[in-house]
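Asks: Chains as they are written, first to last, in UniProt numbering: chain S, 1 to 251; chain Y, 1 to 251.
Even glycine gets a Cβ: it sits at the ideal position worked out from N, Cα and C.
Note that the coordinates shown come from a computational prediction; the quantities given were computed from them, not determined experimentally.
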DNA sequence: CGAGTTTTTGAGACCAATCAAGTCTCGTGG
DNA sequence: CCACGAGACTTGATTGGTCTCAAAAACTCG
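(1) For residue 29 of chain S, decide whether its Cβ has a neighbour in chain Y, counting only Cβ atoms nearer than 7 angstroms.
(2) Does any C-beta atom of chain Y lie closer than 7 angstroms to the C-beta of residue 149 of chain S?
(3) With respect to the alpha helix (DSSP H) encompassing residue 143 of chain Y, which residues constitute its N-terminal and C-terminal limits?
(4) Along chain Y, which residues have their Cβ under 8 angstroms away from the Cβ of residue 61 of chain S?
(5) I want to see whether chain S comes within less than 7 angstroms of residue 105 of chain Y, judged by CB atoms only; does it?
(6) Any chance the stretch 51-69 of chain Y sits against the stretch 81-90 of chain Y, with 3 or more Cβ pairs inside 8 angstroms?
(7) CB-CB under 7 angstroms to residue 220 of chain S, same chain, minus the five flanking residues each way: which ones, in chain order?
(8) What residue ranges within the UniProt domain "HTH crp-type" (158-232) of chain S form continuous beta strand (DSSP E) runs of no fewer than 3 residues, ordered along the chain?
(9) Cα separation between residue 106 of chain S and residue 158 of chain Y?
(10) Work out the CA separation of residue 192 of chain Y and residue 175 of chain Y for me, nearest whole Å.
(11) Identify the contact partners of residue 77 of chain Y in chain S, using a Cβ-Cβ distance below 8 angstroms as the criterion.
(12) Report the option in Y:38, Y:185, Y:58 whose CA atom is closest to the CA atom of residue 123 of chain Y.
(13) Just mark residue 61 of chain Y as buried or exposed, buried being the case when its beta carbon has 16 or more other beta carbons within 10 Å.
(14) Could you tell me whether the stretch 16-33 of chain Y touches the stretch 242-250 of chain Y, where touching means 3 or more Cβ pairs closer than 8 angstroms?
(15) From this set, Y:113, Y:238, Y:149, which residue's C-alpha is nearest residue 44 of chain Y's C-alpha?
(16) Within 7 angstroms of any Cβ in chain Y, is that where the Cβ of residue 3 of chain S sits?
(17) Can you tell me whether residue 189 of chain S is buried or exposed? The criterion is at least 16 other CB atoms within 10 Å of its CB, across all chains shown.
(18) Report the neighbours of residue 74 of chain Y on chain S: residues whose CB is nearer than 7 angstroms to its CB, in chain order.
(19) 7 angstroms is my cut-off, CB to CB: does residue 100 of chain Y come that close to chain S?
(20) For residue 81 of chain S and residue 147 of chain Y, what's the separation of their Cα atoms in angstroms?
(21) Count the CB pairs spanning the stretch 160-168 of chain Y and the stretch 194-207 of chain Y that are closer than 8 angstroms, and state whether there are at least three.
(22) Between residue 32 of chain Y and chain S, is any beta-carbon pair separated by less than 7 angstroms?
(23) Against chain Y, with Cβ distances strictly below 7 angstroms, would residue 190 of chain S count as a contact?
(24) Counting only beta-carbon atoms, is residue 137 of chain S nearer than 7 angstroms to chain Y?
(25) Roughly how many whole angstroms lie between the Cα atoms of residue 167 of chain Y and residue 15 of chain S?
(26) How would you write the range of the beta strand (DSSP E) that residue 83 of chain S sits in, first residue to last?
(27) Could you spell out the range, first to last residue, of the beta strand (DSSP E) harbouring residue 74 of chain S?
(28) Hey, would you say residue 90 of chain Y sits closer than 7 angstroms to residue 53 of chain Y, going by beta carbons?
(29) Can you tell me whether residue 222 of chain Y is buried or exposed? The criterion is at least 16 other CB atoms within 10 Å of its CB, across all chains shown.
(30) Beta-carbon of residue 134 of chain S versus every beta-carbon of chain Y: anything under 7 angstroms?
(31) Please state whether the Cβ-Cβ distance between residue 65 of chain S and residue 133 of chain S is less than 7 angstroms.
(32) Rounded to the nearest angstrom, what separates residue 118 of chain S and residue 165 of chain S at their Cα positions?
(33) DSSP three-state label for residue 236 of chain Y, please.
(34) Based on DSSP bridge pairs, tell me the residues matched to residue 64 of chain S.
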């Protein structure tokens, strides 16, 4: 298993953050931006497959994804794995650990990853001096809760093909919302094993299910990646409305 | 479908809140307590089966459960229902709606319910003037996220009997932690249909699964209620460690 | 008492898991 | 340059867990 690289020198100043200019994100007060800039202590790079945070660890850090994909998961004692959600640029990583204490899930990089590193012990200063940012963190926690609600609905009440369609439409939409489709054709960097462990299905059945979606021309499966050809089609199969298009905060 | 009763006169002053004396909850600064007291505008009583909040509604309120049980759920377009989580005394209700805007799930009372009603539009004042309380709300959101993570693991990777054992152990522990077992024998006020819609199983298979747990003397099923006889046994079946025993905030 | 839930049980169908190979690609080392 | 092993994806056969259909029994409430 590959390891996280040591924290490298700071590269991107918050004032010139490439994410902050995107329409998707809420504008900041100058004072807030200045604080966030001081809140950030550096950047961390991780390669594909690196474990960023481990279940049970206490020394959790707080990060925001600057670029790349990651996912978080839990294991059962006998090794069965459940992927809980995915992280894309602009998403907070490690909030549960920072707020409550112990991490109860692990986080792994799905692609080369760059993270902004924050000083967890200054979180109280953030809440004290910048209530707007405190509210933003709550907002992001509520957003995560919503995504989990959707996943729960999917695992509990959707059939295999509906679940698969939902997941791929969901990931496609999230990626598109942070501009990942603008540059080139959007490829979701997951293997079928990731899909299986997200949907609660076996790898074999996942393969047969994805195959059906591919036959209908909704997706195309590449090696360790998925290309969505018809989001509308996927959403129709899943009976999913899509994510609400709301401006969101970026810490 | 029964309806929520009109907001009644205030009964319990926050300074004499029966929950606040429990060891489970974190102590408050006097100033915080005073603010919360002014933040609370009254109480709301709901009868069993009443819908407190509806998916899609914008005029969501913010509540804390004072006594009783509730649950939140989502529906698929064709009516399939997934129960997402349960609410017990001390739990916030309607945070997603208050923070983000639109509710994307509904909330229904499982038993006669008393709620503290808060002024949603003073939430920003709370964050501005009482950063500790702002942090507490984030803490509670992170806690909910954790519970959802556990449920997701359950739906995705546990077998039917493991899921059932996990759910009942989980609910038993939560109820015990807010003192519901102290008075009398603890009865979880849910029907097998609720269990089915929580576990993502059919009602028929749920019945057969619960029957197995009852045969092993882990639970006893009463009419529309479950009595847990052996939590340890349930936890062993589920391979579940139990909830961490941490002091938590009470808004 | 009668109507409507809730719980129970059985039978058959179907969806998804497991078992078992087999192909491809890629990277490594002889 | 080729042999080899590890991952990732495919495919078919078989098994088994869960669903649906159907109906009845138990219980609640008005």
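Replies: So, from the listed chains and residues:
(1) What you label residue 29 of chain S is simply residue 29 of the first chain in a count that begins at 1. No - not a single Cβ of chain Y is within 7 angstroms of the one on residue 29 of chain S.
(2) Counted from its first residue, the first chain places residue 149 of chain S at position 149. By this cut-off, residue 149 of chain S is an interface position.
(3) By one-based count along the second chain, residue 143 of chain Y stands at place 143. Looking at the DSSP string, the run of the alpha helix (DSSP H) that includes residue 143 of chain Y is 131-157.
(4) Position 61 of the first chain, counted from the first residue, corresponds to residue 61 of chain S. Neighbours of residue 61 of chain S on chain Y: none; closest Cβ ~15 angstroms, over 8 angstroms.
(5) Here residue 105 of chain Y corresponds to residue number 105 of the second chain, with the count starting at 1. Cβ-Cβ to chain S under 7 angstroms: yes for residue 105 of chain Y.
(6) yes
(7) Indexing the first chain from 1 puts residue 220 of chain S at position 220. Cβ within range, chain order: 214, 227, 229.
(8) 219-222, 225-228
(9) As a working note, residue 106 of chain S is residue 106 in the first chain. As a working note, residue 158 of chain Y is residue 158 in the second chain. Rounded to whole angstroms, residue 106 of chain S to residue 158 of chain Y spans 19 angstroms at the Cα level.
(10) As a first step, residue 175 of chain Y is located in the second chain; it is residue number 175 there, counting from the start. As a first step, residue 192 of chain Y is located in the second chain; it is residue number 192 there, counting from the start. Roughly 18 angstroms between the two C-alpha positions.
(11) Stepping through the second chain from its first residue, residue 77 of chain Y is reached at position 77. Those within 8 angstroms of residue 77 of chain Y in chain S are 239.
(12) Along the second chain, read from residue 1 onward, the residue named residue 123 of chain Y stands at position 123. Nearest C-alpha to residue 123 of chain Y: Y:38.
(13) Counting from one through the second chain, the residue named residue 61 of chain Y turns up at place 61. Label assigned to residue 61 of chain Y: buried.
(14) yes
(15) The count along the second chain starts at 1 and reaches residue 44 of chain Y at position 44. Among Y:113, Y:238, Y:149, the Cα nearest to that of residue 44 of chain Y belongs to Y:113.
(16) Locating residue 3 of chain S in the first chain gives position 3, counting from the first residue. For residue 3 of chain S, the predicted structure reports a pLDDT of 47, less than 50, and the residue's modelled location is therefore unreliable. The matter cannot be settled from this model.
(17) Here residue 189 of chain S refers to the residue found at position 189 when the first chain is read from its first residue. Answer is buried; the Cβ neighbour count reaches 16.
(18) The residue labelled residue 74 of chain Y in the question sits at position 74 within the second chain. Those are 149, 153, listed as they occur along chain S.
(19) To locate residue 100 of chain Y, count along the second chain from 1; it is residue 100. Closer than 7 angstroms: yes.
(20) Here residue 81 of chain S corresponds to residue number 81 of the first chain, with the count starting at 1. Here residue 147 of chain Y corresponds to residue number 147 of the second chain, with the count starting at 1. Each residue's alpha carbon lies about 17 angstroms from the other.
(21) yes
(22) Within the second chain, the letter at position 32 stands for residue 32 of chain Y. Cβ-Cβ to chain S under 7 angstroms: no for residue 32 of chain Y.
(23) In the first chain, residue 190 of chain S corresponds to position 190, counting from 1. For residue 190 of chain S, the answer is no, since every Cβ of chain Y falls outside 7 angstroms of its Cβ.
(24) On the first chain, residue 137 of chain S is found 137 positions in, with the first residue counted as 1. For residue 137 of chain S, the answer is yes, since a Cβ of chain Y falls inside 7 angstroms of its Cβ.
(25) For the purposes of this step, residue 167 of chain Y is identified with residue 167 of the second chain, where counting begins at 1. For the purposes of this step, residue 15 of chain S is identified with residue 15 of the first chain, where counting begins at 1. Whole-angstrom Cα-Cα distance: 47 angstroms.
(26) Translated into positions along the first chain, residue 83 of chain S becomes position 83. That run of the beta strand (DSSP E) goes 81-87.
(27) Taking the first residue of the first chain as 1, we reach residue 74 of chain S at position 74. Taken as a continuous stretch (DSSP letters only), the beta strand (DSSP E) holding residue 74 of chain S covers 70-75.
(28) The residue you call residue 90 of chain Y lines up with position 90 of the second chain. The residue you call residue 53 of chain Y lines up with position 53 of the second chain. Their beta carbons are not under 7 angstroms apart, which means residue 90 of chain Y does not touch residue 53 of chain Y by this criterion.
(29) Residue mapping note: residue 222 of chain Y aligns to position 222 of the second chain, counting from 1. It is exposed - the Cβ of residue 222 of chain Y has fewer than 16 other Cβ atoms within 10 Å.
(30) Position 134 of the first chain, counting from 1, holds the residue named residue 134 of chain S. Closer than 7 angstroms to some Cβ of chain Y, the Cβ of residue 134 of chain S qualifies, so yes.
(31) Within the first chain, the letter at position 65 stands for residue 65 of chain S. Within the first chain, the letter at position 133 stands for residue 133 of chain S. No, Cβ-Cβ distance for residue 65 of chain S and residue 133 of chain S is not below 7 angstroms.
(32) Residue mapping note: residue 118 of chain S aligns to position 118 of the first chain, counting from 1. Residue mapping note: residue 165 of chain S aligns to position 165 of the first chain, counting from 1. C-alpha separation (whole angstroms): 35 angstroms.
(33) Against the second chain, residue 236 of chain Y aligns to sequence position 236. The answer is helix: DSSP assigns residue 236 of chain Y an H, G or I state.
(34) Reading the first chain from its first residue, position 64 is the one you call residue 64 of chain S. For residue 64 of chain S, which the question treats as bridged, DSSP gives the partners S:92, S:116.
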